[in-house]
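Worksheet: the structure to be examined is printed underneath.
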């Protein structure tokens with residue numbers, strides 16, 4: 001999602017979202033961050049401070065949030081990114097950057113941020129993480145990671161609290177479906193650095209897949225999409 005993706009010629013899909021919406025897009029994604037580190041580094045707080053009523057915030061994490069089962073174990077060095085396992089108020093004790101810290105779950109960080117945005121009068125879109133290369137093994141295979149379900153749970157909680165101002169987009173599923181259609185040769189060309197970060201062409205496909213999910217889901221933000229749904233690759237899932 002972040003500008004310039006993982007460097008080395010890669011690009012984040014957030015860069016291309018501006019071409020599908022009729023309003024300005026401010027991409028505040030930052031490479032290599034998790035919901036936890038985005039919180040601890042004050043990046044969510046900076047977004048909250050800049051919001052005005054009527055804004056939309058897309059929140060998508062997952063690639064850097066795993067590994068929480070190792071928190072607090074011997075010989076493990078916490079890098080400040082893993083979330084505590086679970087979907088509720090579970091906490092894990094850890095040691096990070098020379099300090100004892102309490103680590104919360106992915107859902108806790110996501111809900112905390114989303115609720116702060118909603119309190120400012122903004123609307124939120126909870127999006128699932130993009131897939132890694134589903135053709136990597138030679139045949140197509142996409143299994144949603146655990147954080148996909150977590151994101152859906154977060155969206156469900158928010159939708160129950162603020163009807164109409166919280167939406168869910170299964171970005172991973174929509175993008176994987178497009179990758180399946182494009183085939184191995186094309187998709188492998190999107191992942192020249194590793195199986196996670198895409199070349200600009202792949203990022204453009206990822207952005208269009210997100211917009212497809214947005215349009216098919218009927219989010220309030222979908223009213224600001226300038227593409228007709230039928231012009232975006234893939235089917236409504």
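Residue numbers (full-length UniProt numbering): 1 to 237. We put the CB at the ideal spot given by N, CA and C, even for glycine.
Span of the beta strand (DSSP E), counted from its first residue to its last, around residue 104: 99-104
For the pair the region 195-211 and the region 147-159, tell me if three or more CB-CB distances fall below 8 Å. They do not touch, by the three-pair rule.
Going by C-alpha distance, which of 147, 218, 234, 205 is nearest residue 63? 147
Cβ shell of residue 14 (< 6 Å), same chain only, five flanking positions each side left out: 1, 27, 29
In three-state DSSP terms, what is residue 21? strand
Validate contact between the region 85-101 and the region 57-77 using beta carbons, cut 8 Å, 3 pairs: yes
Validate contact between the region 161-173 and the region 93-105 using beta carbons, cut 8 Å, 3 pairs: no
Between which residues of its own chain and residue 183 is the CB-CB distance below 8 Å, once the five residues before and five after are set aside? Apart from the 5 residues on each side of it in sequence, residue 183 sits with its Cβ closer than 8 Å to the Cβ of 135 in its chain, given in chain order.
For residue 95, does the count of other Cβ atoms within 10 angstroms reach 16, so buried, or fall short, so exposed? exposed
By Cβ distance, which residues of its chain are closer than 6 Å to residue 229, with the 5 residues on each side in sequence left out? 215
Local conformation of residue 210 per DSSP, three classes: helix
So what does DSSP say about residue 77, is it helix, strand or coil? In the three-state scheme derived from DSSP, where H, G and I count as helix and E and B as strand, residue 77 is classed as coil.
With a 10 Å radius around its C-beta and 16 neighbouring C-beta atoms as the bar for buried, classify residue 24 as buried or exposed. It counts as exposed.
When 187, 108, 98 are compared against residue 137, the one with the closest alpha-carbon: Measuring from the Cα of residue 137, the nearest candidate turns out to be 187.
Consult DSSP for residue 235 and reduce its assignment to one of helix, strand or coil. Here residue 235 carries a coil assignment [DSSP, helix/strand/coil].
Note down, in chain order, each residue of its chain lying with its Cβ closer than 6 Å to the Cβ of residue 57, except the 5 sequence neighbours on either side. 117, 122, 124
Comparing alpha-carbon positions, which option in 206, 223, 111, 189 lies nearest residue 234? 206
State the Cα-Cα distance for the pair residue 189 and residue 212, rounded to the nearest angstrom. Rounded to whole angstroms, residue 189 to residue 212 spans 22 Å at the Cα level.
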